[in-house]
Structure formats: structure tokens, C-alpha cells
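Engineer:
Number of protein chains: 2
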Amino acid sequence: MSAAPKHDVFQAVADPTRRQILKLLAEKQMPVTMISSQFPISRTAISKHLRILSESQLVSVDKVGREKRYKLHPETLLELKDWLSYFEQFWDNKISMLKHLVENEGTSDK
Amino acid sequence: MSAAPKHDVFQAVADPTRRQILKLLAEKQMPVTMISSQFPISRTAISKHLRILSESQLVSVDKVGREKRYKLHPETLLELKDWLSYFEQFWDNKISMLKHLVENEGTSDK
DNA sequence: ATTATATGAAACCTTATGGTTTCCTGTCAA
DNA sequence: TTGACAGGAAACCATAAGGTTTCATATAAT
Chain A
12 MSAAPKHDVF QAVADPTRRQ ILKLLAEKQM PVTMISSQFP ISRTAISKHL RILSESQLVS
72 VDKVGREKRY KLHPETLLEL KDWLSYFEQF WDNKISMLKH LVENEGTSDK
Chain B
12 MSAAPKHDVF QAVADPTRRQ ILKLLAEKQM PVTMISSQFP ISRTAISKHL RILSESQLVS
72 VDKVGREKRY KLHPETLLEL KDWLSYFEQF WDNKISMLKH LVENEGTSDK
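Chains as they are written, first to last, in our numbering: chain A, 12 to 121; chain B, 12 to 121.
(1) Apply the 10 Å Cβ neighbour rule to alanine 14/B and answer buried if 16 or more other Cβ atoms are within range, or exposed otherwise.
(2) Which word fits valine 20/B, buried or exposed, when buried means at least 16 other C-beta atoms lie within 10 angstroms of its C-beta?
(3) Using only alpha-carbon positions, find the residue among Phe50/A, Lys74/A, Lys59/A, Leu69/A that is nearest to glutamate 90/A.
(4) Count the other C-beta atoms from every protein chain shown that fall within 10 angstroms of the C-beta of isoleucine 57/B, then say buried if there are 16 or more, exposed otherwise.
(5) Can you tell me whether DSSP reads valine 140/B as helix, strand or coil?
(6) For leucine 64/B, decide whether its Cβ has a neighbour in chain A, counting only Cβ atoms nearer than 8 Å.
(7) Between the Cα of threonine 28/B and the Cα atoms of Arg62/B, Phe50/B, Met45/B, Gln22/B, which residue gives the shortest distance?
(8) Would you give the residue range spanned by the beta strand (DSSP E) that arginine 80/B belongs to?
(9) Output, in chain order, the set of chain A residues within a Cβ distance shorter than 8 Å of valine 24/B.
(10) What does leucine 91/B touch in chain A if you count any residue whose Cβ is under 8 Å from its own?
(11) Under the three-state reduction of DSSP, which class applies to serine 58/A: helix, strand or coil?
(12) Assuming isoleucine 6/A contacts histidine 18/A (C-beta within less than 8 Å), just tell me the rounded distance between them.
(13) Closest Cβ-Cβ distance between lysine 74/B and chain A: below 8 Å?
(14) Between the Cα of serine 71/B and those of Pro42/B, Asp103/B, Gln31/B, Gln22/B, spot the shortest distance and give me the residue it belongs to.
(15) Taking C-alpha atoms, which residue in Thr55/B, Ser96/B, Lys82/B, Asp103/B lies nearest to leucine 5/B?
(16) What is the rounded straight-line gap between the Cα of tyrosine 123/A and the Cα of glutamine 22/A?
(17) Check for me: the beta strand (DSSP E) holding serine 47/A runs from which residue to which?
(18) Give me the chain B residues within the contact set of leucine 88/A, using Cβ-Cβ distance strictly less than 7 Å, ordered along the chain.
(19) So what does lysine 74/B bridge to, in DSSP terms?
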């Protein structure tokens, strides 16, 4: 019983603003105000996004004086990569792709 | 002006049921009723999920008699892979990871 | 023809989501 | 010690999301 992410990574990443935030933080860590200056929405809204990103372990916080520096925790994104990897057979393996197509040829019953 | 996906792939994939559906369809194409037999929710609910998956180009439909066979359209998932690839620098490249850490060392100002 | 099967559409309900504004607290600077 | 700045919490709001049930339609089977 550690960490216990309250939010799903998939869900966290579903919002375009949050994806942008992640890209921003990939460049360098920064406090809320600096992040929000890049968006048309309020600082409070960004703050909420950051909370969701924190709860899904996608970012972490470093408190420095009165500011809180948010930084990317990239490892968590591996969860997406892992999920995606299941589907890799369909992209880069022509043989298994073909196999798949043939095996499914015209049947929905079993 | 072609396709014009009404739904974001990220958003489509955010729902766990829809992810499960995709895995199911990866094995073989199948009609709504067969899919819904795998889930505790109503067939209608599954139908709605399938519509979202269709609108985001993740599945396509084959009408055969009175049934509609849904099948995975795996290429669309590449969009996720592409997005993720931006963050690959943080996973498999120790050098750039280190570089990143050093460059961000303790500054939020610029 | 009649009945059964496969599926989507509609209307409806509840809760989540993304925003806003307003207020409170902690920290730095004068 | 009094402002100014950084940031979260609360209350609130509108709309989206995920379900359900009920109804309608197309196709298959008898």
C-alpha cells in the first residue's frame, strides 16, 4: 500500500491542457504562475490540473520558499507505453498483422 | 475535409471499458452483443462506447446481415505512440535524462 | 405472415469535469 | 509590520460523460 494514485494516467492525459502542461514541464520545472501564464485560463484552473497530474503521479512538487516548483515525473508515462505495446503487433509486424487478418476472416461466431 | 474525428483518441482511450473493448477487438472482430456479454453493463452502453471509438477512428464497422461487426483500427493508436515518443528521452536515454536534470537544477526563473 | 434477433435512437438521471470568483494563508521585501 | 506575491481551498456553475430503460427498425428464421 504505497502511492495509491487517485487518478488514472489515461484519464489524466485525456485533457489537452494537461498534455500541454506535461510538455511544458518536460522542458523545465516551474511554478504554477509561470505555467498558467502560458494558458488562457485562470491560475486556479491550472492548479487543479496540476493536482490531477500529481495524483496520477505524472508530476511532483518541490517547495522552494513561497513557490512550488512542479516537475515532470516521466516514468509514469511508461504505463501508457506498456498498454500500447500490446498493440504493437499491428503496426510493425507485417506477419502477425497478416496472421491476424486471416484468422479473423469473416467470422464473428465461435 | 475528410474523416474529421469528433472524438480525441486520448479521450476515447481514457475510459477503462473502452480500453477493454479495444483489447477484445484486437483478438477478433465481433458484433455488439458479443462484446457486451463480456461486461456488466447494458448492451446500449457498450453501443455508445463503440460510437465514441468509431468517431475517434479506433474501430470500424462491417455490416453483415443484421449484425454489425466491429473491428479494431489499430493505426489510430499511433497517435498516442507519437505523443509519447516526445517523452522517450526521459526513459531510455540516460545521457539526456542527466542533461535534463542538470539543466533544471534549482531554477524556475529565467 | 409472424416471431425472434441485432442494434441504434431517445429521453432521462446522476455524477464528474473544467471553469470561474472569492477568500485565506504563507513567505518575501520595504 | 505592512504590503505584495505565490498558491491552495471553497463554493458555485454549466456541460459532458456514463449509465439505464423504453421504443423503433431492419433482418433472419419458422
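Positions of the beta carbon are idealized from the N, C-alpha and C atoms, including for glycine.
Structural biologist: Looking at the atomic coordinates:
(1) Here the model assigns alanine 14/B a pLDDT of 45, short of 50, so the residue's position is not dependable and the matter cannot be decided.
(2) buried
(3) Leu69/A
(4) buried
(5) The requested residue 140/B is not part of the displayed model; chain B covers only 12 to 121.
(6) no
(7) Phe50/B
(8) 78-83
(9) Phe21, Ala25
(10) Leu91, Leu95
(11) helix
(12) Given that chain A is displayed from residue 12 to residue 121, the structure contains no residue 6/A and the question cannot be resolved.
(13) no
(14) Pro42/B
(15) In the structure as shown, chain B begins at 12 and stops at 121. Residue 5/B is therefore absent and cannot be evaluated.
(16) Missing from the structure shown is residue 123/A; chain A here goes from 12 to 121 and no further.
(17) Element bounds for serine 47/A: not the beta strand (DSSP E) but the alpha helix (DSSP H), 43-47.
(18) Leu95, Phe98
(19) Lys79/B
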